[in-house]
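In our numbering, the protein residues as written are 8 to 170.
Take a look at the structure:
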(Lines of atoms letter the chains of each structure in order from A and count residues from 1; the text may use other names and numbers.)
(Lines give C-alpha, C1' and ligand atoms only; values in the text may rest on other atoms or scores of the structure.)
Protein backbone atom coordinates (compact mmCIF):
# COMPACT_ATOMS: atom_id res chain seq x y z
CA UNK A 1 0.00 0.00 0.00
CA UNK A 2 1.20 3.51 -0.80
CA UNK A 3 0.39 6.82 0.73
CA UNK A 4 -1.74 9.14 -1.39
CA UNK A 5 -3.41 12.51 -1.40
CA UNK A 6 -7.11 12.76 -2.16
CA UNK A 7 -7.79 15.58 -4.59
CA UNK A 8 -11.04 14.23 -5.99
CA UNK A 9 -13.77 11.75 -5.29
CA UNK A 10 -16.33 9.53 -7.00
CA UNK A 11 -19.51 8.27 -5.34
CA UNK A 12 -21.97 5.70 -6.60
CA UNK A 13 -25.42 6.96 -5.68
CA UNK A 14 -27.37 4.06 -7.14
CA UNK A 15 -31.04 4.70 -7.89
CA UNK A 16 -31.73 6.62 -4.69
CA UNK A 17 -32.10 10.08 -6.27
CA UNK A 18 -33.49 8.95 -9.63
CA UNK A 19 -36.33 7.23 -7.73
CA UNK A 20 -36.95 10.24 -5.44
CA UNK A 21 -37.00 12.58 -8.46
CA UNK A 22 -38.98 10.08 -10.52
CA UNK A 23 -36.30 10.28 -13.20
CA UNK A 24 -36.83 7.69 -15.92
CA UNK A 25 -34.95 6.76 -19.03
CA UNK A 26 -36.05 4.45 -21.79
CA UNK A 27 -34.19 1.15 -21.91
CA UNK A 28 -34.62 -1.28 -24.80
CA UNK A 29 -37.94 -2.56 -23.50
CA UNK A 30 -39.13 -0.31 -20.65
CA UNK A 31 -38.61 2.88 -18.63
CA UNK A 32 -36.15 2.53 -15.74
CA UNK A 33 -34.64 4.65 -12.99
CA UNK A 34 -30.98 5.08 -13.94
CA UNK A 35 -28.04 4.37 -11.68
CA UNK A 36 -26.43 7.64 -10.68
CA UNK A 37 -23.00 8.73 -9.55
CA UNK A 38 -21.18 11.93 -8.80
CA UNK A 39 -17.61 13.08 -8.93
CA UNK A 40 -15.65 16.14 -8.03
CA UNK A 41 -12.20 17.60 -7.99
CA UNK A 42 -11.52 20.06 -5.21
CA UNK A 43 -9.51 23.11 -6.26
CA UNK A 44 -8.50 23.74 -2.65
CA UNK A 45 -7.43 20.09 -2.35
CA UNK A 46 -5.22 20.44 -5.42
CA UNK A 47 -3.58 23.54 -3.92
CA UNK A 48 -3.08 21.78 -0.57
CA UNK A 49 -1.60 18.73 -2.30
CA UNK A 50 0.76 20.92 -4.34
CA UNK A 51 1.95 22.68 -1.18
CA UNK A 52 2.37 19.38 0.68
CA UNK A 53 4.54 18.05 -2.14
CA UNK A 54 6.44 21.30 -2.84
CA UNK A 55 7.70 23.07 0.26
CA UNK A 56 10.71 23.45 2.50
CA UNK A 57 11.42 25.06 5.86
CA UNK A 58 11.20 28.53 4.28
CA UNK A 59 7.73 28.07 2.81
CA UNK A 60 6.00 27.07 -0.39
CA UNK A 61 7.88 26.16 -3.57
CA UNK A 62 5.13 26.59 -6.16
CA UNK A 63 5.32 24.67 -9.40
CA UNK A 64 5.45 27.39 -12.05
CA UNK A 65 2.02 26.39 -13.37
CA UNK A 66 0.40 27.11 -9.97
CA UNK A 67 2.51 30.04 -8.76
CA UNK A 68 0.63 33.28 -8.12
CA UNK A 69 3.55 35.06 -9.83
CA UNK A 70 6.36 33.62 -11.95
CA UNK A 71 8.81 36.35 -11.00
CA UNK A 72 9.32 38.80 -8.13
CA UNK A 73 11.31 41.97 -8.70
CA UNK A 74 12.90 43.16 -5.46
CA UNK A 75 14.33 46.66 -5.04
CA UNK A 76 17.31 46.55 -2.66
CA UNK A 77 19.05 49.32 -0.68
CA UNK A 78 18.04 52.15 -2.94
CA UNK A 79 20.78 54.76 -2.52
CA UNK A 80 20.07 55.57 -6.16
CA UNK A 81 16.31 55.26 -5.68
CA UNK A 82 15.35 56.82 -9.03
CA UNK A 83 17.82 54.75 -11.08
CA UNK A 84 16.85 51.54 -9.31
CA UNK A 85 13.12 52.24 -9.67
CA UNK A 86 13.63 53.04 -13.37
CA UNK A 87 15.51 49.75 -13.88
CA UNK A 88 12.79 47.83 -12.01
CA UNK A 89 10.14 49.53 -14.12
CA UNK A 90 12.00 48.59 -17.30
CA UNK A 91 12.22 44.94 -16.21
CA UNK A 92 8.60 44.94 -15.04
CA UNK A 93 7.47 46.22 -18.45
CA UNK A 94 9.61 43.58 -20.18
CA UNK A 95 7.98 40.83 -18.10
CA UNK A 96 4.46 42.11 -18.82
CA UNK A 97 5.25 42.46 -22.54
CA UNK A 98 6.31 38.79 -22.55
CA UNK A 99 3.21 37.72 -20.58
CA UNK A 100 5.18 36.77 -17.48
CA UNK A 101 3.25 37.25 -14.23
CA UNK A 102 5.39 39.52 -12.09
CA UNK A 103 5.28 41.03 -8.61
CA UNK A 104 7.29 44.21 -8.06
CA UNK A 105 8.22 44.64 -4.39
CA UNK A 106 9.01 48.32 -3.99
CA UNK A 107 7.98 48.54 -0.33
CA UNK A 108 10.08 50.54 2.09
CA UNK A 109 11.23 47.40 3.92
CA UNK A 110 14.62 45.84 4.63
CA UNK A 111 15.92 43.53 1.87
CA UNK A 112 15.72 40.49 4.17
CA UNK A 113 12.02 41.08 4.74
CA UNK A 114 11.40 41.29 0.99
CA UNK A 115 13.44 38.15 0.25
CA UNK A 116 11.71 36.27 3.05
CA UNK A 117 8.27 37.29 1.78
CA UNK A 118 9.10 36.14 -1.77
CA UNK A 119 10.26 32.78 -0.38
CA UNK A 120 7.24 32.32 1.89
CA UNK A 121 4.89 33.11 -1.01
CA UNK A 122 6.86 30.61 -3.10
CA UNK A 123 7.57 32.74 -6.16
CA UNK A 124 9.80 30.60 -8.42
CA UNK A 125 12.28 33.33 -9.42
CA UNK A 126 13.42 36.58 -7.81
CA UNK A 127 15.11 39.41 -9.72
CA UNK A 128 17.19 41.58 -7.40
CA UNK A 129 17.88 45.17 -8.42
CA UNK A 130 20.06 47.38 -6.25
CA UNK A 131 23.16 49.54 -6.28
CA UNK A 132 25.34 46.45 -6.82
CA UNK A 133 23.51 45.43 -9.99
CA UNK A 134 23.48 48.99 -11.33
CA UNK A 135 27.27 49.17 -10.89
CA UNK A 136 27.94 45.76 -12.46
CA UNK A 137 25.53 46.36 -15.38
CA UNK A 138 24.16 42.86 -14.77
CA UNK A 139 20.97 41.59 -13.22
CA UNK A 140 20.92 39.36 -10.15
CA UNK A 141 18.45 36.46 -10.26
CA UNK A 142 17.72 33.73 -7.73
CA UNK A 143 15.59 30.65 -8.16
CA UNK A 144 13.41 29.74 -5.18
CA UNK A 145 15.46 26.59 -4.54
CA UNK A 146 18.88 28.05 -5.38
CA UNK A 147 21.39 28.61 -2.58
CA UNK A 148 22.84 31.77 -4.10
CA UNK A 149 21.79 34.28 -6.74
CA UNK A 150 23.59 34.52 -10.07
CA UNK A 151 24.37 37.46 -12.32
CA UNK A 152 23.06 37.51 -15.88
CA UNK A 153 23.33 40.06 -18.63
CA UNK A 154 20.34 42.14 -19.64
CA UNK A 155 20.28 40.28 -22.97
CA UNK A 156 20.12 36.89 -21.23
CA UNK A 157 17.48 37.81 -18.65
CA UNK A 158 14.45 36.50 -20.55
CA UNK A 159 16.27 33.32 -21.57
CA UNK A 160 17.02 32.63 -17.89
CA UNK A 161 13.40 33.21 -16.91
CA UNK A 162 11.75 31.23 -19.68
CA UNK A 163 14.37 28.46 -19.36
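Positions of the beta carbon are idealized from the N, C-alpha and C atoms, including for glycine.
Here the structure is a predicted model, which is why all the values come from computation and not from measurement.
#1: Are at least three pairs of beta-carbons, each pair with one atom in the region 103 to 119 and one in the region 57 to 67, less than 8 Å apart?
#2: Once DSSP output is grouped into helix, strand and coil, what is the label at residue 74?
#3: Would you mind working out which of 125, 8, 29 and 10 sits nearest residue 78, comparing C-alpha positions?
#4: Note the first and the last residue of the continuous alpha helix (DSSP H) segment covering residue 121.
#5: Can you tell me which of 42, 12 and 24 puts its alpha carbon nearest to the alpha carbon of residue 51?
#6: Contact between the region 93 to 108 and the region 158 to 166 is defined here as three or more beta-carbon pairs at a separation below 8 Å; is this criterion met?
#7: Using only the alpha-carbon positions, how far apart do residue 14 and residue 115 sit?
#8: Who does residue 43 pair with in a DSSP beta bridge?
#9: Does the structure place the region 27 to 42 close enough to the region 68 to 75 that three or more beta carbon pairs sit under 8 Å?
According to the structure shown:
#1: no
#2: Within the chain shown, the letter at position 67 stands for residue 74. Three-state DSSP puts residue 74 in coil, outside helix and strand.
#3: On the chain shown, residue 78 is found 71 positions in, with the first residue counted as 1. Nearest of 125, 8, 29 and 10 to residue 78, Cα basis: 125.
#4: Here residue 121 is taken as the residue at index 114 of the chain shown, counted from 1. Looking at the DSSP string, the run of the alpha helix (DSSP H) that includes residue 121 is 118 to 128.
#5: Taking the chain shown and counting its residues from 1, the one referred to as residue 51 is at position 44. For residue 51, the nearest C-alpha among the options comes from 12.
#6: yes
#7: To locate residue 14, count along the chain shown from 1; it is residue 7. To locate residue 115, count along the chain shown from 1; it is residue 108. Rounded to whole angstroms, residue 14 to residue 115 spans 40 Å at the Cα level.
#8: Reading the chain shown from its first residue, position 36 is the one you call residue 43. DSSP lists 21 as partners of residue 43.
#9: no
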